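Novice: Dropping a structure here in structure tokens format, bear with me for questions.
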Amino acid sequence: MSDIPALLRFRPGVSVADLDTDATPGFSGSKADAAPAQASLNERLAELQELLYANWKAADDRRSVLLVLQGMDAAGKGGIVKHVVGAVNPMGVRYTAFGKPTDEELAHHFLWRIRRALPPPGHIGVFDRSHYEDVLIVRVHNLVPPQVWGARYDEINAFERELVDAGTSLIKVAMFISLDEQKKQLLERLDDPTKHWKYNPGDIDERLMWPAYQQAYQAMLDRTSTDHAPWHVLPCDRRWYSRLAVTELLIEALEKLDLSWPPADFDIEAEKRRLFDS
Ligand code: ATP
Ligand code: MG
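Numbered by our numbering, the letters in the sequence shown go through residues 2 to 279 in order.
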């Protein structure tokens, strides 16, 4: 399973149209096998997150991690947040969902609201949609002129370079489901009264624009998968797999930070004596 990150890494030349969204790269087991695997990965993830937080608190380590989740409706972003991010201590997480920009946000540069949501030192930031909407939905719906969105790829690369240089590890995940699987998911939302709140009639309109989105996703991957901030392409038809894979991506990024428990900056024996005497 530890080769999942390498297997998912976007390779130049790969076409979004050819993706096997039903695949489970790096995991040969079934859904039943995924459950115990997920449980043990969750434990490891929780420990690594605590290490990150502890090193900031006790040793002023300024590093952070930022998970960027980008995908079409019903790709399973919500499930990743609930099951994967939910496995760690919320104290150390900064979660932001990016919807349609407010008037205030629109009055600023597109990265303005993004900068305000960046994870503080020691934290794991989670972007549920992201600055990439500004080259996806914005491009597909011509919300700004082509020369404006066209310039954003380079702007995003420079911005992410700045983040990485400041000590933030970026994990960018592009989530793909097949149109059939998306149909199934949307139908489930319609058939289940406890899921009506998740249903948005506009999702069908976006679905009909899939060919245009496919082009926009392709351009996003081709132009913003850099050495400092590579994309990972995640097959999402099997939700149990996509959750397992994102957990692996987070674990890999945190392990690269090579963290250990910060040593006490006080005299332990002296503190024990003081405690007994108190
Ligand atoms: P779910 O996948 O569960 O439906 P969601 O992420 O779609 O959740 P919503 O609040 O339903 O959440 O939708 C957010 C909408 O805002 C999406 O259609 C997205 O494309 C749109 N959006 C996000 N950022 C921008 C942007 N910069 N400009 C225009 N639209 C945006
Ligand atoms: Mg939606």
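Beta carbons are placed, not taken as given, at the ideal position from N, Cα and C, and that holds for glycine. Everything numeric in this text was worked out from a predicted model, so none of it was measured.
Between Y242, F111, R153, A98, which lies nearest to A1 when the distance is taken from Cα to Cα?
Specialist: Residue 1 is absent from the model: the chain starts at 2 and stops at 279.
Novice: Spatial neighbours of V86 within its chain, please: CB distance less than 8 Å, with the 5 preceding and 5 following residues excluded, ordered by chain position.
Specialist: One-based indexing of the sequence shown puts residue 86 at position 85. Same-chain partners within the cutoff: L68, V94, Y96, I125, V127.
Novice: N143 to D206, Cα distance in whole Å?
Specialist: The residue labelled residue 143 in the question sits at position 142 within the sequence shown. The residue labelled residue 206 in the question sits at position 205 within the sequence shown. Straight-line Cα distance between these residues: approximately 15 Å.
Novice: Which residues in the same chain have their Cβ closer than 6 Å to the Cβ of A24, if we skip the five residues on either side of it in sequence?
Specialist: By 1-based counting over the sequence shown, the position of residue 24 is 23. Excluding residues within five positions, the ones whose Cβ falls inside 6 Å are P236.
Novice: Considering only the alpha carbon of each residue, which of V66, Y218, D166, W57 lies closest to D73?
Specialist: The residue you call residue 73 lines up with position 72 of the sequence shown. According to the sequence shown, residue 73 is Met rather than Asp. Ranking V66, Y218, D166, W57 by Cα distance to M73 puts Y218 first.
Novice: Using CA atoms only, rank isn't needed, just tell me which of A213, G80, K58, T169 is closest to W241.
Specialist: On the sequence shown, position 240 is the one that residue 241 refers to. Among A213, G80, K58, T169, the Cα nearest to that of W241 is on G80.
Novice: Quick one: is the Cβ of K199 within less than 8 Å of any heavy atom of the ligand ATP?
Specialist: On the sequence shown, residue 199 is found 198 positions in, with the first residue counted as 1. Checking every heavy atom of the ligand ATP against the Cβ of K199, one is found closer than 8 Å.
Novice: What separation, rounded to the nearest whole angstrom, lies between the Cα atoms of A98 and A265?
Specialist: Sequence index remark: in the sequence shown, residue 98 carries index 97 (1-based). Sequence index remark: in the sequence shown, residue 265 carries index 264 (1-based). For A98 and A265, the distance between alpha carbons rounds to 37 Å.
Novice: Would you report the Cα separation of L164 and D104, rounded to the nearest angstrom?
Specialist: Residue mapping note: residue 164 aligns to position 163 of the sequence shown, counting from 1. Residue mapping note: residue 104 aligns to position 103 of the sequence shown, counting from 1. The straight-line gap from Cα to Cα measures roughly 26 Å.
Novice: For the ligand ATP, any of its heavy atoms closer than 8 Å to the Cβ of L209?
Specialist: Locating residue 209 in the sequence shown gives position 208, counting from the first residue. False, no ligand heavy atom lies under 8 Å from that Cβ.
Novice: Are the beta-carbon atoms of S179 and D135 separated by less than 9 Å?
Specialist: Start at 1 with the first residue of the sequence shown, and residue 179 comes out as number 178. Start at 1 with the first residue of the sequence shown, and residue 135 comes out as number 134. No, the Cβ-Cβ distance between S179 and D135 is not below 9 Å.
Novice: Mind checking who A98 pairs with in its DSSP beta bridge?
Specialist: Sequence index remark: in the sequence shown, residue 98 carries index 97 (1-based). The partner list for A98 (beta bridge, DSSP) reads D129.
Novice: What residue does the beta strand (DSSP E) around M176 start on, and which one ends it?
Specialist: Against the sequence shown, residue 176 aligns to sequence position 175. Run containing M176: 169-177, per the beta strand (DSSP E) assignment.
Novice: What do you reckon, are the CB atoms on K173 and H84 nearer than 9 Å?
Specialist: In the sequence shown, counting from the first residue as 1, residue 173 sits at position 172. In the sequence shown, counting from the first residue as 1, residue 84 sits at position 83. No, the pair does not count as a contact, with Cβ atoms beyond the cut-off.
Novice: Let's see if you can read the secondary structure: which residues bound the alpha helix (DSSP H) around V139?
Specialist: Along the sequence shown, one-based indexing puts residue 139 at 138. Residues 138-141.
Novice: Would DSSP call P236 helix, strand or coil?
Specialist: Numbered from its first residue, the sequence shown carries residue 236 at position 235. In this structure, P236 counts as strand in the three-state DSSP scheme.
Novice: At what residues does the beta strand (DSSP E) containing V66 begin and finish?
Specialist: Taking the first residue of the sequence shown as position 1, residue 66 is located at position 65. 65-72 is the span of the beta strand (DSSP E), which, as asked, contains V66.
Novice: Closer than 8 Å: is that where the CB of P6 sits relative to any heavy atom of the ligand ATP?
Specialist: Residue 6 sits at position 5 when you count from the first residue of the sequence shown. Flag unset: Cβ of P6 not near the ligand ATP.
Novice: Can you give me the start and stop residues for the alpha helix (DSSP H) that E280 sits inside?
Specialist: The requested residue 280 does not occur in the structure, where the chain is confined to residues 2 to 279.
Novice: List the residues that DSSP assigns as beta-bridge partners of R190.
Specialist: For this step, residue 190 is matched to residue 189 along the sequence shown. None, per the DSSP bridge assignment.
Novice: Once you ignore the five residues that flank V145 on each side, which residues in its own chain have a CB closer than 7 Å to its CB?
Specialist: Here residue 145 is taken as the residue at index 144 of the sequence shown, counted from 1. Around V145: V139.
Novice: Could you pull the start and end residues of the alpha helix (DSSP H) that K199 belongs to?
Specialist: Position 198 of the sequence shown, counted from the first residue, corresponds to residue 199. Per DSSP, K199 belongs to no alpha helix (DSSP H) and is neither H nor E.
Novice: Within its chain, find whatever has a CB closer than 8 Å to the CB of A59; leave out the 5 residues flanking it on each side and keep chain order.
Specialist: Here residue 59 corresponds to residue number 58 of the sequence shown, with the count starting at 1. Same-chain partners within the cutoff: P263, D266.
Novice: Measure the Cβ-Cβ separation of K78 and D19 and say whether it is below 9 Å.
Specialist: In the sequence shown, the residue the question calls residue 78 occupies position 77. In the sequence shown, the residue the question calls residue 19 occupies position 18. No, they are not a contact pair.
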